[in-house]
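Numbering (the UniProt record's numbering), first residue to last: 1 to 161.
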């Protein structure tokens, strides 16, 4: 999961993002390793201005972190699944902390609808996935039920340039 701002204290109130901020975000989403100089050139501002804007976006919590997009299959995690969970009412924070500890957990969302939580996991194989669901997830006392949706093929969408 991406680095978060949790535990870093309260974030300042959200500020509106102008067109330059939006361009900077799109550029960094496409290439998180872009230099401040290249960002400045692309959005037509000084390096100092680009640096200050990026820092403000980080401090405001708009940018939560920088990371690599991974091809999970090539990284040895060829089995992916979305797992839906029904949980005991008002236990989201407790369950979330336990889900964060699961090997291969990639995305966790509290949702509305027929289930409460949507979890994306990447595992080396079906046996490991089965172990994760039947042993690890179902051992969490607050988890009432699970449903596993095996992913046959996936594609990360590239940010719009």
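Yeah, the Cβ is synthetic: ideal placement off N, Cα and C, and Gly gets one too.
As a quick exercise: from 29, 109, 153, 105, pick the residue whose alpha carbon is nearest that of residue 63. Nearest neighbour of residue 63 by Cα position, chosen from 29, 109, 153, 105, turns out to be 29.
Hey, out of 70, 115, 141, 101, whose CA is closest to residue 158's CA? From the listed residues 70, 115, 141, 101, the smallest Cα separation to residue 158 is found for 70.
Using CA atoms only, rank isn't needed, just tell me which of 139, 132, 13, 140 is closest to residue 148. Considering only alpha carbons, the answer is 132.
Determine the DSSP secondary structure at residue 28, reduced to helix, strand or coil. Three-state DSSP puts residue 28 in a helix.
Spatial distance of residue 66 from residue 106 (CA atoms): Spanning the two alpha carbons is a distance of roughly 15 Å.
Can residue 144 and residue 87 be called in contact, C-beta distance under 8 Å? It is a contact, given that the beta carbons lie within the stated cut-off.
Spatial distance of residue 130 from residue 52 (CA atoms): So the two alpha carbons sit approximately 47 Å from each other.
Closest to residue 57 by CA distance: which of 150, 20, 146 is it? Ranked by Cα distance from residue 57, the first of 150, 20, 146 is 20.
Report back the beta-carbon spacing between residue 83 and residue 119 to the nearest angstrom; my notes put them in contact at under 8 Å. Between residue 83 and residue 119 the beta-carbon gap is near 5 Å, inside 8 Å, which marks them as a contact.
Apart from the five residues just before and just after residue 50, which ones in its own chain have a Cβ nearer than 6 Å to its Cβ? Close CB contacts of residue 50 within its chain, under the 6 Å cut and outside five residues either way in sequence, are with 36, 39, 40 (chain order).
So is residue 7 buried or exposed if we call it buried at 16+ other beta carbons inside 10 Å? Any reading at residue 7 must be qualified, since the residue scores a pLDDT of 49, below 50, and its modelled position is unreliable; no value is offered.
Sub-8 Å separation of residue 178 and residue 110 beta-carbons: Outside the displayed span of the chain (1 to 161) sits residue 178, for which this structure offers no information.
The alpha helix (DSSP H) spanning residue 36 covers which residue range? Where residue 36 is concerned, the enclosing alpha helix (DSSP H) starts and stops at 36 to 43.
With C-beta atoms as the reference, is residue 136 less than 8 Å away from residue 102? Contact flag set, yes.
Where residue 80 falls, given that 16 or more other Cβ within 10 Å makes a residue buried: So residue 80 ends up on the buried side.
Residue 54 (DSSP reduced to helix, strand or coil): In the displayed model, residue 54 falls within a helix according to three-state DSSP.
Beta-carbon separation (whole angstroms), residue 99 vs residue 60, contact threshold 8 Å: The pair is not a contact, with the Cβ atoms about 27 Å apart (cut-off 8 Å).
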